[in-house]
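Accompanying notes for the structure given below.
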Amino acid sequence: MEPRRENVQPCLIECAAEAARVASGVKPDQLDAPSRCADWDVRTLVNHWVLYGAHGLEHRARRVQLPDELTGRDFTADPGWADGFADGLDRAVAAWAEPAAWEGEVDLGFAAQPAPEVAALLLLELALHGWDVAAATGQEFRVSDDAGRLLLAVVTANAETYRQYEGFAAATELPDGADEFARALALSGRDPR
Numbered sequence: 003m004e005p006r007r008e009n010v011q012p013c014l015i016e017c018a019a020e021a022a023r024v025a026s027g028v029k030p031d032q033l034d035a036p037s038r039c040a041d042w043d044v045r046t047l048v049n050h051w052v053l054y055g056a057h058g059l060e061h062r063a064r065r066v067q068l069p070d071e072l073t074g075r076d077f078t079a080d081p082g083w084a085d086g087f088a089d090g091l092d093r094a095v096a097a098w099a100e101p102a103a104w105e106g107e108v109d110l111g112f113a114a115q116p117a118p119e120v121a122a123l124l125l126l127e128l129a130l131h132g133w134d135v136a137a138a139t140g141q142e143f144r145v146s147d148d149a150g151r152l153l154l155a156v157v158t159a160n161a162e163t164y165r166q167y168e169g170f171a172a173a174t175e176l177p178d179g180a181d182e183f184a185r186a187l188a189l190s191g192r193d194p195r
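Sequence positions in the sequence shown follow the working numbering and run 3 to 195.
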């Protein structure tokens, strides 16, 4: 499935809403707990998720680089970080609602890629780390079948490249009949069981 505005934009809207819901369920005393992401605790994971899931998503749509002040920020130091994340996700979704956001290429600083591909990779960031946060905090990250299919296609297309840069671990095994989102999680090195 090739990333196109018609199939990526609805999934961005859906996953942004789900990310905001999961973020609102993270309790302050869970931030120092371990996550399933290598050496990251939940706080480090959430900060990465907020930075790239909301700010990165918006900035890429607007073709603006992330400012240095955001890259080192501890978003969780603000007791209202989850509300701020939800607001940032709303701004990001609004930025991608503009037809111009889907045109041409997005300069990533090291390469330029077509805008729909960048949006699909950012969707991956939002959903996979959303699942990581949910798993670490006793929640569930739910996606529709359409989003699951798209996420599986994007993971499949990028898994080997991500593994080269240690963004994904080795794929995990799944029982027969697993849905597409579970298969995407497993292919990205996560264990949805």
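Positions of the beta carbon are idealized from the N, C-alpha and C atoms, including for glycine.
*Spell out the partners DSSP gives Asp-116 in its beta bridges.*
Residue identity check: residue 116 is Pro in the sequence provided, not Asp. DSSP, once it has assigned bridges, lists Glu-107 as partnering Pro-116.
*asked:* Closer than 8 Å is the cut-off here; do at least three beta carbon pairs connect the stretch 125-134 with the stretch 37-50?
replied: Output reads yes: the stretch 37-50 touches the stretch 125-134.
*Take the Cβ of Arg-192 as the centre, count every other Cβ of all protein chains shown within 10 Å, and call the residue buried at 16 or more, exposed below.*
Under this definition Arg-192 is a buried residue.
*Would you list the residues sitting across from Asp-43 in a DSSP beta bridge?*
Paired residues: Pro-36.
*asked:* Would Val-95 and Leu-126 be called neighbours here (beta carbons separated by less than 9 Å)?
replied: Not closer than 9 Å, so no.
*8 Å contact criterion, which Leu-53 and Leu-72 should meet: CB distance rounded*: About 6 Å separates the two Cβ atoms, so the contact holds.
*Test item: CB-CB of Gln-208 and Trp-104 under 9 Å*: Because the chain is modelled from 3 through 195, residue 208 falls outside the range shown and cannot be assessed.
*Work out the CA separation of Asp-148 and Cys-13 for me, nearest whole Å.*
Straight-line Cα distance between these residues: approximately 8 Å.
*With DSSP collapsed to three states, give me the class of Tyr-167.*
In the structure shown, Tyr-167 falls within a coil segment according to DSSP collapsed to helix, strand and coil.
*Are there 16 or more other CB atoms within 10 angstroms of the CB of Gly-150, so buried, or fewer, so exposed?*
Buried is the call here.
*Closer than 6 Å by C-beta to Ala-19: which residues in its own chain qualify, once you throw out the five before and the five after it? Chain order, please.*
Answer for Ala-19: no residue qualifies.
*With a CB to CB cut of under 7 Å and the five nearest residues on each side skipped, what residues in its chain are close to Ala-84?*
Here the set comprises Ala-25, Ser-26 and Val-28.
*Excluding the five sequence neighbours on either side, which residues of its own chain have a C-beta within less than 7 Å of the C-beta of Ala-184, listed in chain order?*
Counting only residues of its own chain and dropping the five nearest sequence neighbours on each side, Ala-184 has a CB closer than 7 Å to the CB of Leu-176 and Pro-194.
*Just checking my contact of Phe-87 with Ala-22 at CB under 8 Å: how many whole Å lie between their CB atoms?*
Right, the Cβ-Cβ distance comes to about 7 Å (below 8 Å), so this counts as a contact.
*To the nearest angstrom, how far is it from the Cα of Arg-144 to the Cα of Gly-82?*
Those two C-alpha atoms are separated by around 23 Å.
*Starting from Leu-189 and walking both ways along the alpha helix (DSSP H), at which residues does that stretch end?*
Judged by DSSP secondary structure, Leu-189 falls within the alpha helix (DSSP H) whose first and last residues are 182-189.
*Between the CA atoms of Arg-6 and Pro-116 - distance to the nearest angstrom*: Here the alpha carbon of Pro-116 sits roughly 10 Å from the alpha carbon of Arg-6.
*By a C-beta neighbour count over all protein chains shown, 10 Å radius and 16 as the cutoff for buried, is Leu-153 buried or exposed?*
Taking all protein chains shown into account, Leu-153 has 16 or more neighbouring C-beta atoms within 10 Å of its C-beta and is therefore buried.
*Between which two residues does the alpha helix (DSSP H) carrying Gln-11 extend?*
Unbroken alpha helix (DSSP H) run through Gln-11: 7-26.
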